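Heads up: the structure comes next, in structure tokens.
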Amino acid sequence: MDIQLNDIALFVEVAKRKNFSHAAEALGMPAATLSRRVSDLERRIGMQLLTRTTRRIELTEAGALYFERCRHIIEEASVAHEQLHDMAAQPKGRLRISMIASLAQLVLPVVMREFTEQYPDIQCEFDLSGRPVDAISNPFDLVLRFGQQPDSSLISRQIMLMSHQLYASQDYLARHGAPRIPSDLSHHDCLRFPSGEGNSSYWMLHSGERVVRVQVFGRLIANNMGMLARLASNGMGIVPLPVFDAMETAIARAGLVRVLHDWSLTPMPLFALLPSRTIPAKTRAFLDFIQPRLNEQPRQGLVQLAN
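At the far end of the sequence shown sits residue 307, using our numbering, and the numbering has no gaps.
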């Protein structure tokens with residue numbers, strides 16, 4: 001049976017995406033050529049691997065079994081090939097990263113210039129939709145999500161606990177005063193994420209061994225951290241934001257000051273979801289670069305806003 005590893009790799013890419021056009025675009029080859037190569041593979045194997053329709057393709061029972069066995073082989077071979085090249089050169093290639101827009105707006109403008117200067121041969125492609133990632137058709141090299149994720153065949157690694165502290169603009173504090181104890185927050189406009197609890201939310205505040213659950217209210221709710229930060233900078237209320245030292249470069253432009261200095265919200269775990277336990281050099285480079293910058297604590301009480 002004359003079957004080349006490259007042909008198996010083509011099949012695996014098509015099986016992941018269940019679409020010849022999308023797979024061909026990712027592989028940089030004509031869709032017609034890709035379809036012919038996969039058909040040749042089916043003929044040499046002697047079994048149909050894909051069921052083709054006008055809109056979509058599906059795996060046959062044999063195709064699903066072949067895909068599960070082969071995709072790990074292709075991943076290992078790809079990483080091994082890349083590692084040989086990386087012995088003489090820096091990591092390179094297209095790195096596809098999925099992360100929620102809130103985190104991206106706060107983090108990427110601060111850290112990506114340094115990353116691109118350090119790794120000029122890595123092309124980063126970010127998806128900020130935050131949509132659930134299917135383990136089989138996952139098109140990303142790295143997925144970053146807050147909180148424990150549903151079980152899947154993706155490899156989940158907690159890379160940090162991100163601290164959250166409370167901020168407000170000088171203008172807001174001049175008009176409304178600064179909260180002095182956590183219970184004061186119930187009398188302020190608090191900029192909140194949707195909670196499904198109507199007009200109020202609950203924030204868990206920590207100070208050493210002390211933990212306080214505070215009911216907070218506010219007229220503005222958004223599922224985007226960057227938007228909440230902008231609202232706070234315009235004097236609209238008090239906002240919880242993640243803090244880390246990498247954002248300190250533009251602190252002078254932020255216009256926010258920390259309130260309730262002795263208190264912080266419950267740290268939120270940030271997880272990296274990976275398609276394989278074997279991490280390619282380009283993915284490892286990004287994780288090794290960003291993780292310490294997110295873990296560092298700020299030396300000042302301000303946080304930068306995304307432009």
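Ideal placement from N, C-alpha and C gives every residue a C-beta, glycine not left out.
This one's a predicted model, so the numbers in the text were calculated from it and none came from an experiment.
How long is the line joining the alpha carbons of G46 and H72, rounded to whole angstroms? 22 angstroms
Give me the Cα-Cα distance between L49 and L95, rounded to the nearest whole angstrom. 29 angstroms
Buried or exposed: P80, going by 16 or more other Cβ atoms within 10 Å of its Cβ? According to the sequence displayed, residue 80 carries Ala and not Pro. With fewer than 16 other Cβ atoms within 10 Å, it is exposed.
Rounded separation between L41 and F67 - CA only: 13 angstroms
To the nearest angstrom, how far is it from the Cα of R131 to the Cα of A101? Linking R131 to A101 through their CA atoms gives a straight-line distance of about 11 angstroms.
CB P267 to CB L161, shorter than 7 angstroms? Contact flag set, yes.
Presumed contact (8 angstroms Cβ cut-off) between L34 and A23, rounded CB distance: 6 angstroms
Grab me the residues of I221's own chain with a C-beta within less than 6 angstroms of its C-beta, minus the 5 sequence neighbours each way, in chain order. So the qualifying residues of the chain are R192, P194.
Check each candidate in Q170, E76, I3, P120 and name the one with the smallest Cα separation from N234. Q170
Separation of C70 from A26, as counted between CA atoms: 19 angstroms
Within 10 angstroms of its Cβ, does D189 collect 16 or more other Cβ (buried), or is it exposed? buried
The beta strand (DSSP E) spanning I159 covers which residue range? 155–169 is the span of the beta strand (DSSP E), which, as asked, contains I159.
Burial state of V243, where buried means 16 or more other Cβ atoms lie within 10 Å: buried
In the DSSP assignment, the beta strand (DSSP E) including I97 goes from what residue to what residue? 93–99
With DSSP run on the structure shown, which of helix, strand or coil describes Q48? coil
Separation of M236 from L173, as counted between CA atoms: The C-alpha of M236 is placed about 10 angstroms away from the C-alpha of L173.
By the three-class DSSP mapping on this structure, what secondary structure does Y202 have? strand
Any contact between the stretch 267–281 and the stretch 216–231? By contact I mean 3 or more CB pairs, one from each, below 8 angstroms. With a cut-off of 8 angstroms, the stretch 216–231 and the stretch 267–281 do not count as touching, because too few Cβ pairs lie within range.
Cutoff 8 angstroms; reference E125; Cβ partners in own chain excluding five residues on either side: R94, L95, R96, I97
Can you name the start and end residues of the alpha helix (DSSP H) that F140 belongs to? Counting along the chain, F140 falls outside any alpha helix (DSSP H), and DSSP gives it neither H nor E.
So, at 8 angstroms on beta carbons, what are the nonlocal neighbours of N19 in its own chain, with the 5 sequence-adjacent residues on each side left out? R56, I57
If you measure between the beta carbons of L274 and I155, is that distance less than 7 angstroms? For L274 and I155, yes; Cβs fall inside 7 angstroms.
To the nearest angstrom, how far is the alpha carbon of L260 from that of L166? 7 angstroms
Which residues in the same chain have their Cβ closer than 7 angstroms to the Cβ of D262, if we skip the five residues on either side of it in sequence? S207
Going by alpha carbons, who is nearest to A9 out of E61, S39, G255, E75? E75
Indicate the three-state DSSP secondary structure (helix, strand or coil) for F217 in the structure shown. Strand.
Below 7 angstroms CB to CB, which residues in the same chain sit around R37 once its five sequence neighbours on both sides are set aside? D7, L10
To the nearest angstrom, report how far apart G218 and L142 are at their CA atoms. 35 angstroms
Identify, in the order they occur along the chain, each residue of the same chain with its Cβ nearer than 6 angstroms to the Cβ of A285, setting aside the five sequence neighbours on each side. Excluding sequence neighbours, A285 sits near P91, Y119.
Assuming E125 is part of the alpha helix (DSSP H), what are its boundary residues? Here E125 belongs to no alpha helix (DSSP H); instead the beta strand (DSSP E) covers 122–127.
DSSP beta-bridge partners of F146: L270
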